[in-house]
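See structure below.
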Amino acid sequence: MLITPCSGREFFIPLCIPRYTSFLPSAPFASTLNSLYRLKEDAVLRSIATLCVAGTLPEKLRAIAQAGFDGVEIFEPDFTEWGESPARLATLCRELGLTIFLYQPLRNVDGVPAEAWPQTRERAYRTFETMREMGCRSLLACSNLEADSSADPARQTEDLARLAEIAAEFDARVGYEALAWGRHVNRYTQAWERVNAVDHPALGLVLDSFHVLARGDTLALKGIAPEKIFFTQFADAPRKNLPLEAWSRHFRAYPGEGSLPVVDFARTLMASGYQGPWSLEVFSDAWQQAPAEESARAGLASLNWLAAQLEAPHREGEA
1 MLITPCSGRE FFIPLCIPRY TSFLPSAPFA STLNSLYRLK EDAVLRSIAT
51 LCVAGTLPEK LRAIAQAGFD GVEIFEPDFT EWGESPARLA TLCRELGLTI
101 FLYQPLRNVD GVPAEAWPQT RERAYRTFET MREMGCRSLL ACSNLEADSS
151 ADPARQTEDL ARLAEIAAEF DARVGYEALA WGRHVNRYTQ AWERVNAVDH
201 PALGLVLDSF HVLARGDTLA LKGIAPEKIF FTQFADAPRK NLPLEAWSRH
251 FRAYPGEGSL PVVDFARTLM ASGYQGPWSL EVFSDAWQQA PAEESARAGL
301 ASLNWLAAQL EAPHREGEA
């Protein structure tokens, strides 16, 4: 069902879709691993990026905890705008029962001009120091967008290897993500080539269903060890005749709201042996207008809906 929450734009809202109703909690509830709304005791951990819901960082986190998520991705702008210390964030998440699964993003770190590496190195050190104080060990680094970045895979690999070494100093790790509109690395297969070439235990992949599927690619994980997939983000989207970045930044949707084959993506992911969290990364103008509690509850419902699709019998050709 389509509604128009603001003039001139149409958005999918999952609360209007009947198939979600059995997965929506009737009231807020505490985050526990044995939540009533978990499909089974050994279900994957549910996570959501703080950018998915509106409000200040504490408001976002409280809504996420009340919805029943196990943990969060901390979006750096949310943290810096809050203005409190990493230690205070760690305390708040602990009080709410949330694990900080991921800190994101560290941008433009692969193939940087040689003269820019000292500044890049300093940014990386500051980021890992912040993460250590907030109790987070995983960082998302996305592929470079800058025009002056090197197209040479060897240069990109060299920088990623240096970043992995810095991460190891902090007992942390880096998940490398190919942005669909990346300057030189814009497909997950390219990201894997770099990760595989580096061959460092502190460097792995972050997979994002939007970045894979919006380009028309199909997820194929043969040859990629599941332990090298450090983190997975889910997002759907209605079809839009827009540049990839604009489509992603304004019209992402929760799984089941759009037209991307996210169920097939999830099925392939889990068949590979992936054991990490399922997380939501949904940039959405529509959901930014909704109360944080409503958006968080709908997000959890969408992950539970997605898990239920994997439990259902699969017929060839169906998403």
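What the sequence shown shows, in full-length UniProt numbering, is residues 1 to 319, in sequence order. We treat Cβ as the ideally placed atom computed from N, Cα and C, and that holds for glycine.
Span separating the alpha-carbon of residue i from that of residue j
i, j, result
"residue 16", "residue 255", "Reliability fails at residue 16, whose pLDDT of 39 lies under 50, so the model's placement of it is uncertain and the value that follows must be treated cautiously. If you take the alpha carbons of residue 16 and residue 255, they lie about 14 angstroms apart."
"residue 152", "residue 111", "7 angstroms"
"residue 260", "residue 199", "32 angstroms"
"residue 35", "residue 79", "Interpretation of residue 35 is limited by its pLDDT of 34, a score under 50 that renders its predicted location unreliable; no figure is taken from the coordinates."
"residue 32", "residue 207", "Because residue 32 sits at a pLDDT of 29, beneath the cut-off of 50, its placement in the model cannot be relied upon, and the point is left open."
"residue 262", "residue 244", "17 angstroms"
"residue 174", "residue 139", "5 angstroms"
"residue 307", "residue 181", "29 angstroms"
"residue 305", "residue 118", "46 angstroms"
"residue 223", "residue 84", "43 angstroms"
"residue 299", "residue 159", "35 angstroms"
"residue 104", "residue 293", "22 angstroms"
"residue 127", "residue 177", "17 angstroms"
"residue 100", "residue 241", "35 angstroms"
Pick from the options that is closest to residue i, judged by C-alpha positions
i, options, result
"residue 251", "164, 184, 235 and 45", "235"
"residue 201", "214, 167 and 281", "167"
"residue 55", "296, 302 and 210", "296"
"residue 169", "146, 45 and 203", "203"
"residue 185", "154, 165 and 293", "154"
"residue 187", "210, 165 and 172", "210"
"residue 339", "147, 124 and 240", "Because the chain spans 1 through 319 in this model, residue 339 falls outside it and cannot be assessed."
"residue 285", "247, 192, 81 and 67", "247"
"residue 218", "241, 303 and 265", "265"
"residue 216", "129, 239, 48 and 77", "239"
Rounded Cβ spacing between residue i and residue j (contact assumed at less than 8 angstroms)
i, j, result
"residue 143", "residue 179", "5 angstroms"
"residue 69", "residue 46", "5 angstroms"
"residue 145", "residue 183", "5 angstroms"
"residue 221", "residue 189", "Their Cβ separation, rounded to whole angstroms, is 10 angstroms, which puts residue 221 and residue 189 out of contact at 8 angstroms."
"residue 282", "residue 52", "5 angstroms"
"residue 73", "residue 50", "7 angstroms"
(message) Restricting to runs no shorter than 4 residues, where is the alpha helix (DSSP H) found entirely within the segment 191-261?
(response) 209-213 and 244-251
(message) Between the segment 227-245 and the segment 277-289, can you find at least three pairs of beta-carbon atoms closer than 8 angstroms?
(response) yes
(message) For the pair the segment 84-104 and the segment 51-67, tell me if three or more CB-CB distances fall below 8 angstroms.
(response) yes
(message) With three or more beta-carbon pairs closer than 8 angstroms as the criterion, would you say the segment 281-292 touches the segment 105-119?
(response) no
(message) Give the list of continuous alpha helix (DSSP H) stretches no shorter than 4 residues that lie fully inside the segment 110-164.
(response) 117-134
(request) Return the chain-ordered ranges of every alpha helix (DSSP H) run that is complete within the segment 49-83 and spans a minimum of 4 residues. (result) 57-67 and 76-82
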